[in-house]
Amino acid sequence: MSTTALPNDRGVEVRLSFLQSRLHLDGLLLTALLAVTAFGVAVLYSAFGEDWAQTQQHLIRVSIGFLALLLCAQVPPRTLQRWAPWAFAGGLGLLLLVEALGLVAQGAQSWLDLGVTQFQPSEIMKLALPLMVAWLLADQELPPRPRQVLLALGIIGAPAALIALQPDLGTAVLVTASGLFVLFLAGLGWRWILGGLALAGATAPLLWFFVMRDYQRERVLTFLHPESEPLGAGYHLIQSKIALGSGGLFGKGWLNGSQAHLEFIPERHTDFVLAVVGEEFGLIGIAQLLAAYLLIVGRGLYIAAVAQDNFGRLLAGGIALTFFAYVLINAGMVSGLLPVVGLPLPLVSYGGSSLVTIMVGFGMLMAIHTHRRLWS
Amino acid sequence: MRRSTRDQDQDAARIRRRLAVAGALCLIAVAGLMAQMVRLQVVHHDHYATLSLENRIEVNAIPPSRGRIYDRNGTVLAENRPSYQLLATPERIPDLEATLDRVAGLIELTEAQRERFRARVEEARHFEAITLRTQLDEQEVAKLAVHRHRLPGLEVDARLVRHYPHGKTASHPLGHVGRMTAEELRHLDRGAYRGTRYIGKSGVEGAYEAALHGEPGMARVETNAAGRVLQTLERRPPRSGDDLTLTLDLELQEVAERALGDRSGAVIALRPDNGAVLAMASRPRYDPNMFVEGMSRERFQALEAGGWQPLINRAIRGTYPPASTIKPFVGLAALEHDVIEPGSEVYCNGEYAIDGREEPFRCWREGGHGHTDYTEAMAQSCNVFFYDTADRLGIDRMSAFLEPFGFGAATGIELDGERSGILPSRAWKRRNLGGSWYRGETLINGIGLGYFSATPLQLARATATLANRGRVIEPNLVREGDAGARARPTAAGGEADGAGIELDEPDDWETTIRAMRAAVEHPQGTARLIGQDLPYKLAGKTGTAQLAEIEHQAEAQEAAERLRSHALFLGFAPVADPEIVVVVVVEHAEGGGGAAAAPAARAVTDAWLLDDHSFLEQLEAGRIDDSEVEDVEQGPRGGTP
Numbered sequence: 001m002s003t004t005a006l007p008n009d010r011g012v013e014v015r016l017s018f019l020q021s022r023l024h025l026d027g028l029l030l031t032a033l034l035a036v037t038a039f040g041v042a043v044l045y046s047a048f049g050e051d052w053a054q055t056q057q058h059l060i061r062v063s064i065g066f067l068a069l070l071l072c073a074q075v076p077p078r079t080l081q082r083w084a085p086w087a088f089a090g091g092l093g094l095l096l097l098v099e100a101l102g103l104v105a106q107g108a109q110s111w112l113d114l115g116v117t118q119f120q121p122s123e124i125m126k127l128a129l130p131l132m133v134a135w136l137l138a139d140q141e142l143p144p145r146p147r148q149v150l151l152a153l154g155i156i157g158a159p160a161a162l163i164a165l166q167p168d169l170g171t172a173v174l175v176t177a178s179g180l181f182v183l184f185l186a187g188l189g190w191r192w193i194l195g196g197l198a199l200a201g202a203t204a205p206l207l208w209f210f211v212m213r214d215y216q217r218e219r220v221l222t223f224l225h226p227e228s229e230p231l232g233a234g235y236h237l238i239q240s241k242i243a244l245g246s247g248g249l250f251g252k253g254w255l256n257g258s259q260a261h262l263e264f265i266p267e268r269h270t271d272f273v274l275a276v277v278g279e280e281f282g283l284i285g286i287a288q289l290l291a292a293y294l295l296i297v298g299r300g301l302y303i304a305a306v307a308q309d310n311f312g313r314l315l316a317g318g319i320a321l322t323f324f325a326y327v328l329i330n331a332g333m334v335s336g337l338l339p340v341v342g343l344p345l346p347l348v349s350y351g352g353s354s355l356v357t358i359m360v361g362f363g364m365l366m367a368i369h370t371h372r373r374l375w376s
Numbered sequence: 001m002r003r004s005t006r007d008q009d010q011d012a013a014r015i016r017r018r019l020a021v022a023g024a025l026c027l028i029a030v031a032g033l034m035a036q037m038v039r040l041q042v043v044h045h046d047h048y049a050t051l052s053l054e055n056r057i058e059v060n061a062i063p064p065s066r067g068r069i070y071d072r073n074g075t076v077l078a079e080n081r082p083s084y085q086l087l088a089t090p091e092r093i094p095d096l097e098a099t100l101d102r103v104a105g106l107i108e109l110t111e112a113q114r115e116r117f118r119a120r121v122e123e124a125r126h127f128e129a130i131t132l133r134t135q136l137d138e139q140e141v142a143k144l145a146v147h148r149h150r151l152p153g154l155e156v157d158a159r160l161v162r163h164y165p166h167g168k169t170a171s172h173p174l175g176h177v178g179r180m181t182a183e184e185l186r187h188l189d190r191g192a193y194r195g196t197r198y199i200g201k202s203g204v205e206g207a208y209e210a211a212l213h214g215e216p217g218m219a220r221v222e223t224n225a226a227g228r229v230l231q232t233l234e235r236r237p238p239r240s241g242d243d244l245t246l247t248l249d250l251e252l253q254e255v256a257e258r259a260l261g262d263r264s265g266a267v268i269a270l271r272p273d274n275g276a277v278l279a280m281a282s283r284p285r286y287d288p289n290m291f292v293e294g295m296s297r298e299r300f301q302a303l304e305a306g307g308w309q310p311l312i313n314r315a316i317r318g319t320y321p322p323a324s325t326i327k328p329f330v331g332l333a334a335l336e337h338d339v340i341e342p343g344s345e346v347y348c349n350g351e352y353a354i355d356g357r358e359e360p361f362r363c364w365r366e367g368g369h370g371h372t373d374y375t376e377a378m379a380q381s382c383n384v385f386f387y388d389t390a391d392r393l394g395i396d397r398m399s400a401f402l403e404p405f406g407f408g409a410a411t412g413i414e415l416d417g418e419r420s421g422i423l424p425s426r427a428w429k430r431r432n433l434g435g436s437w438y439r440g441e442t443l444i445n446g447i448g449l450g451y452f453s454a455t456p457l458q459l460a461r462a463t464a465t466l467a468n469r470g471r472v473i474e475p476n477l478v479r480e481g482d483a484g485a486r487a488r489p490t491a492a493g494g495e496a497d498g499a500g501i502e503l504d505e506p507d508d509w510e511t512t513i514r515a516m517r518a519a520v521e522h523p524q525g526t527a528r529l530i531g532q533d534l535p536y537k538l539a540g541k542t543g544t545a546q547l548a549e550i551e552h553q554a555e556a557q558e559a560a561e562r563l564r565s566h567a568l569f570l571g572f573a574p575v576a577d578p579e580i581v582v583v584v585v586v587e588h589a590e591g592g593g594g595a596a597a598a599p600a601a602r603a604v605t606d607a608w609l610l611d612d613h614s615f616l617e618q619l620e621a622g623r624i625d626d627s628e629v630e631d632v633e634q635g636p637r638g639g640t641p
């Protein structure tokens, strides 16, 4: 394999493999992504009740995802940095548009119909927000000063509030987290962090009584007492736990999960796909999948650590941590550690636009890693 | 503003510290997750495994009951009957073969049925209930109920299955339901078809599938470990499919099918005023109940044997050369364009020669018809008269005039798979065969042969236009205003209904219809066989579509059945105020249109107008003597260009 030697910012050589220098791909990350998506296809085939046609649909989406990754990896981080404010402004505009259309249609609205396809503007925000916050903080003195922090919090709050209004609580939480992660990496003072946590604890009752909708409250109650309503809202969680628990150490085997095939597990090909993994592949399967996720996140954090400028570091770190939050929220929800908020399991769940968003994010990560050059 | 390298280094170090903290938090979070997983999957595994095994809540689909189909008088043509079948879920049966042996000890279970069951198990999804036996009788159901504790994983399923009480009658317009194929499943809304095993395949059953099917309901039920239902917790009832009322008259349909006898062919009867199809017969027939009970290989082979294709609805899918039955329409075109006058005469010496062709075109009667006017030419189906007429009319005026009658276009009736036939024209030939149009082709197509083809239903539509003196109707099979009726886009377009053909000289309609009456009433008329003692006025036209060159009558008797000509008849009655249009096509008939097709048509008109079945009975008894009708009016001998 040919390598290109470049001195890094400390004058030490940066070695880029052929894959990295020509295709701008990171071999390790790509391998891990391919492994997890391939495993996901197998799990979905089972979750779909061995329906090959629907599995093919998923395969097409996975292919589109990898294509998006390949394209995004070619964009130099400097270009991303230039586009960041525009991407954010565009995403915010679309969110407002959706909100306005929702008012007209008098109901929950998160889709924008493009004629050919539908897409959720909130998906754009998952990447546009960390881009924007990284752009804001990259050329400033670190750690950020209070004025910068307040500005960043405003930038995070606006889209998060619009998404929460749709109402899409899961995505709102995720988008907020993606912005906060960048702020955290930029060296936000611990006093800010502790103060923020205290404030969140204090406002929770206000949220409960004035902001949350009935079904959201119901989900939290169900999370606290799932057995109180075995046929209603608690049904998801009970069946999901039965599926995981009955899988045991080694699982019931691929295509042999009775919970999955008898359709006890609701949303078994989207939000609750991890329950199918647990039932059919057992603890071993779950551990392997989580290890693969950790490998992906770890590689992302490493890419952030060796990035050559603040923008690259903050963005790479933010993307990696957002991905982790995705996994954590979903796995926590399926195993009964967190309330049901309706987020898919990244790279495994069936669902087009979020898969593409995630792949675009990894494309950016790879771009940050492979466009490193001689420090000028 | 660039900041110093030193600041950059400080920033990098600061961010790396935070990255390390974040990484550590990630590890802690995953450790927490794994702890929960261990708790669920290892510590409490036994508890959850038991719960899973005894998972008590199942959501079952309740299939909707399919809409019934009635004829115009409310007689049931398709209904649903309860039927019991034995289902088995292999994943829930400890020892499959032993259980099958036990079942075989209780009820009849042949080796072939077991074999088919094993094949289905191979193809089925996991945990799917698979049919082991169908059509259990009450006694068998009782025996299985007594021994149910010894038969885990087996259940008797009562469901409604389609039943066609009249068997083979009206099988083609009605169509049939059959088991869903994997291919069909792929194109269906799976939610709407949960719990449904049968789907409309053809006829009205197929075309109105969406309306007939209905919407499934669901039941949340509590079951025991063997999957047996203990109690229903919640139930959303299904919405039954819509009932359909057809325009068919079952009694007339039976008459039409009997009138064809054992011959293959088709009969269409419809009302000219509104296009309501009263009878749509196609022979050979099949019993649609066969598809419901499950078609064994032998039965299917028996159906296919002989190559007569009983599943084809010849009334809409059979395309035949209209032959001489086109003559009223061509004659009308010639009258309209003043190519002929009602009194014009042509001398028929049995031959018609045109420049550039050595071999003349021939009339079917050797020696010719002599001096022939329009009425005689129609009554005796003189080819020479119509060669001359078509030649002077020309192909362009002919095809332009015939088009609004619906030739060359599907009628748009509410059935799938209708064919549109061919209306020959210069443009059609250029598009489909290439090359220019020859004068000789005009002559051949002018007597309904050559490229010309039409379905019996198309001929009926054209005849209805004639009977209506120009008003065009759309044939329809499902009564309008029914809940299930849906608007179907028609080939003729919505404007066809109520649209009309205006002639410069409206009297030309009567002239042509008079000529068609002569075919029935004239002592030399080709359809004179049905003109005897006819208590009402009937206008008709016979046709014989020669398929192969047959030089002598004697040989025709011995010729292979499939080389014999098709016999056609179209007509309507009563002439003054038409109530019924009839088209008969008999494939490979013994005898021409006058002998083989016309009597079937009269059996239908007698039954509809007079409720008189005596002609049909005579026909079935073979007492209609057609030896008098000497004509096998054929196309031109000497080959077609």
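Top line first, the protein sequences correspond to chains A and B. Okay, so the first sequence: first residue is 1 according to the working numbering, each after it adds one. Okay, so the second sequence: first residue is 1 according to the working numbering, each after it adds one. All C-beta atoms, glycine included, are put in the ideal place defined by N, C-alpha and C. On a predicted model such as this, the values are computed, not experimentally measured, just so you know.
**Report entry** Under 8 angstroms between C-beta atoms of Val384 (chain B) and Val330 (chain B)
**Finding:** Position 384 of the second sequence holds residue 384 (chain B). Position 330 of the second sequence holds residue 330 (chain B). Their beta carbons are not under 8 angstroms apart, which means Val384 (chain B) does not touch Val330 (chain B) by this criterion.
Query - Assigned exposure category for Gln524 (chain B) - 16 Cβ within 10 Å defines buried - result: Here the question's residue 524 (chain B) lines up with position 524 in the second sequence. It counts as exposed.
Query raised in the report: Do you know offhand how far Leu643 (chain B)'s Cα is from Leu457 (chain B)'s?
Result: No information on residue 643 (chain B) is available, as it lies outside the stretch 1 to 641 that chain B covers here.
Query raised in the report: Do we get a CB-CB distance below 8 angstroms when we pair Ile286 (chain A) with the residues of chain B?
Result: Position 286 of the first sequence holds residue 286 (chain A). True, the Cβ-Cβ gap to chain B drops below 8 angstroms.
Query raised in the report: With a cut-off of 8 angstroms, does the C-beta of Ile107 (chain B) fall near any C-beta of chain A?
Result: For this step, residue 107 (chain B) is matched to residue 107 along the second sequence. Not closer than 8 angstroms to any Cβ of chain A, the Cβ of Ile107 (chain B) fails to qualify, so no.
Query - For Leu80 (chain A) and Val360 (chain A), believed in contact at Cβ under 8 angstroms, the rounded distance - result: Along the first sequence, one-based indexing puts residue 360 (chain A) at 360. Along the first sequence, one-based indexing puts residue 80 (chain A) at 80. Not a contact, Cβ separation roughly 11 angstroms.
**Report entry** Any C-beta of chain A under 8 angstroms from that of Phe127 (chain B)
**Finding:** By one-based count along the second sequence, residue 127 (chain B) stands at place 127. Yes, Phe127 (chain B) counts as interfacial toward chain A.
Query raised in the report: Quick check: the stretch 459 to 467 of chain B against the stretch 388 to 407 of chain B, are there 3 or more CB pairs under 8 angstroms?
Result: yes
**Report entry** Beta-carbon spacing of Thr99 (chain B), Leu160 (chain B) below 8 angstroms
**Finding:** Your numbering for residue 99 (chain B) matches position 99 in the second sequence. Your numbering for residue 160 (chain B) matches position 160 in the second sequence. Pairing Thr99 (chain B) with Leu160 (chain B) gives a Cβ-Cβ distance that is not under 8 angstroms.
Query raised in the report: Near Arg637 (chain B), which residues of its chain fall below 6 angstroms by C-beta distance, leaving aside the five closest residues on each side in sequence?
Result: What you label residue 637 (chain B) is simply residue 637 of the second sequence in a count that begins at 1. Its pLDDT being 44, under 50, Arg637 (chain B) is placed unreliably by the model, and nothing is read from it.
Requested in this report: Using beta-carbon positions only, say whether Ala152 (chain A) and Leu183 (chain A) come within less than 8 angstroms of one another.
Outcome: Counting from one through the first sequence, the residue named residue 152 (chain A) turns up at place 152. Counting from one through the first sequence, the residue named residue 183 (chain A) turns up at place 183. Cβ distance < 8 angstroms, so Ala152 (chain A) and Leu183 (chain A) count as in contact.
**Report entry** Closest Cα partner of Gly200 (chain B) within the set B:Tyr193, B:Arg236, B:Arg194, B:Glu209
**Finding:** As a working mapping, residue 200 (chain B) is identified with position 200 in the second sequence. Taking each of B:Tyr193, B:Arg236, B:Arg194, B:Glu209 in turn and checking the Cα distance to Gly200 (chain B), the smallest one comes out for B:Glu209.
Query - Between the CA atoms of Phe39 (chain A) and Ile319 (chain A) - distance to the nearest angstrom - result: Counting from one through the first sequence, the residue named residue 319 (chain A) turns up at place 319. Counting from one through the first sequence, the residue named residue 39 (chain A) turns up at place 39. Approximately 22 angstroms between the Cα atoms of the pair.
Query raised in the report: Under a Cβ-count criterion, where at least 16 other Cβ atoms within 10 Å of its own Cβ denotes burial, should Asp577 (chain B) be classed as buried or exposed?
Result: By one-based count along the second sequence, residue 577 (chain B) stands at place 577. Exposed is the call here.
Query raised in the report: So who's on the other strand from Glu58 (chain B), going by DSSP bridges?
Result: Counting from 1 along the second sequence, the entry for residue 58 (chain B) is found at position 58. Its beta-bridge partners are B:Val221.
Query raised in the report: Does any residue of chain A bring its CB to less than 8 angstroms from the CB of Val38 (chain B)?
Result: Taking the second sequence and counting its residues from 1, the one referred to as residue 38 (chain B) is at position 38. Yes - at least one Cβ of chain A is within 8 angstroms of the one on Val38 (chain B).
Query raised in the report: Who are the near neighbours of Leu70 (chain A) in its chain, counting only those whose CB is closer than 8 angstroms to its CB and skipping five residues on each side?
Result: Your numbering for residue 70 (chain A) matches position 70 in the first sequence. Closer than 8 angstroms at the Cβ level, and outside the excluded window around Leu70 (chain A), lie Leu23, Leu25, Gly363.
**Report entry** Cβ neighbour criterion (16 or more within 10 Å) applied to Arg235 (chain B)
**Finding:** Walking along the second sequence from the start, residue 235 (chain B) turns up at place 235. Exposed is the label assigned to Arg235 (chain B), since fewer than 16 other Cβ atoms lie within 10 Å of its Cβ.
Query raised in the report: If you run the structure through DSSP and keep just helix, strand and coil, what is Ser52 (chain B)?
Result: Start at 1 with the first residue of the second sequence, and residue 52 (chain B) comes out as number 52. Helix at Ser52 (chain B).
Query - Exposed unless 16 or more other CB atoms sit within 10 angstroms - verdict on Leu180 (chain A) - result: What you label residue 180 (chain A) is simply residue 180 of the first sequence in a count that begins at 1. That one is buried.
Query raised in the report: Relative to the alpha-carbon of Gln36 (chain A), which residue among A:Gln216, A:His371, A:Ile358 has its alpha-carbon at the smallest distance?
Result: Residue mapping note: residue 36 (chain A) aligns to position 36 of the first sequence, counting from 1. The residue you asked about is not Gln; residue 36 (chain A) is Val in the sequence shown. The shortest Cα separation from Val36 (chain A) among A:Gln216, A:His371, A:Ile358 belongs to A:Ile358.
Query raised in the report: Just how far apart, CA to CA, sit Phe264 (chain A) and Glu58 (chain B)?
Result: On the first sequence, position 264 is the one that residue 264 (chain A) refers to. On the second sequence, position 58 is the one that residue 58 (chain B) refers to. If you take the alpha carbons of Phe264 (chain A) and Glu58 (chain B), they lie about 7 angstroms apart.
**Report entry** Touch test, the stretch 264 to 271 of chain B against the stretch 582 to 598 of chain B, Cβ-Cβ under 8 angstroms, three pairs minimum
**Finding:** yes
Query - chain A contact for Glu551 (chain B) (CB, 8 angstroms cutoff) - result: In the second sequence, the residue the question calls residue 551 (chain B) occupies position 551. Per-residue confidence for Glu551 (chain B) stands at a pLDDT of 45, beneath the threshold of 50, marking its modelled position as unreliable; the derived number appears in the next sentence. No - not a single Cβ of chain A is within 8 angstroms of the one on Glu551 (chain B).
Query raised in the report: At what residues does the beta strand (DSSP E) containing Ser157 (chain B) begin and finish?
Result: Counted from its first residue, the second sequence places residue 157 (chain B) at position 157. A small correction: the amino acid at residue 157 (chain B) is Asp; Ser does not occupy that position in the sequence shown. Counting along the chain, the beta strand (DSSP E) containing Asp157 (chain B) begins and ends at 154 to 163.
Query raised in the report: In or out: Leu411 (chain B) buried (at least 16 other Cβ within 10 Å) or exposed?
Result: Taking the second sequence and counting its residues from 1, one reaches residue 411 (chain B) at position 411. What sits at residue 411 (chain B) in the sequence shown is Thr, not Leu. That one is buried.
**Report entry** Secondary structure of Tyr352 (chain B), DSSP reduced to three states
**Finding:** Taking the second sequence and counting its residues from 1, one reaches residue 352 (chain B) at position 352. It is a strand residue.
Query raised in the report: Which of the three DSSP states, helix, strand or coil, is assigned to Asn476 (chain B)?
Result: Taking the second sequence and counting its residues from 1, the one referred to as residue 476 (chain B) is at position 476. Strand.
Query raised in the report: Excluding the five sequence neighbours on either side, which residues of its own chain have a C-beta within less than 7 angstroms of the C-beta of Pro475 (chain B), listed in chain order?
Result: Looking up residue 475 (chain B) in the second sequence gives position 475. Closer than 7 angstroms at Cβ, skipping near neighbours: Leu270, Gly275, Val277, Thr411, Ile413, Leu457, Ala460, Arg461.
**Report entry** One or two residues paired with Ile69 (chain B) in a DSSP bridge
**Finding:** Looking up residue 69 (chain B) in the second sequence gives position 69. BP columns for Ile69 (chain B) point to B:Ala78, B:Leu244.
Report task. Inspect the CB distances between the stretch 118 to 137 of chain B and the stretch 70 to 89 of chain B and report whether three or more fall short of 8 angstroms. Result -> yes
**Report entry** Endpoints, the beta strand (DSSP E) within which Arg283 (chain B) is located
**Finding:** Locating residue 283 (chain B) in the second sequence gives position 283, counting from the first residue. Residues 277 to 283.
Query - Completely contained alpha helix (DSSP H) runs for the stretch 111 to 198 of chain A, where each covers 4 or more residues - result: 121 to 138, 146 to 165, 169 to 185
Query raised in the report: Quick one: Cα of Asp606 (chain B) to Cα of Tyr193 (chain B), how far?
Result: To locate residue 606 (chain B), count along the second sequence from 1; it is residue 606. To locate residue 193 (chain B), count along the second sequence from 1; it is residue 193. Using only the alpha carbons, I get a separation of about 46 angstroms.
**Report entry** CB contact check: Met34 (chain B) to chain A, cutoff 8 angstroms
**Finding:** The count along the second sequence starts at 1 and reaches residue 34 (chain B) at position 34. At least one chain A Cβ lies under 8 angstroms of Met34 (chain B).
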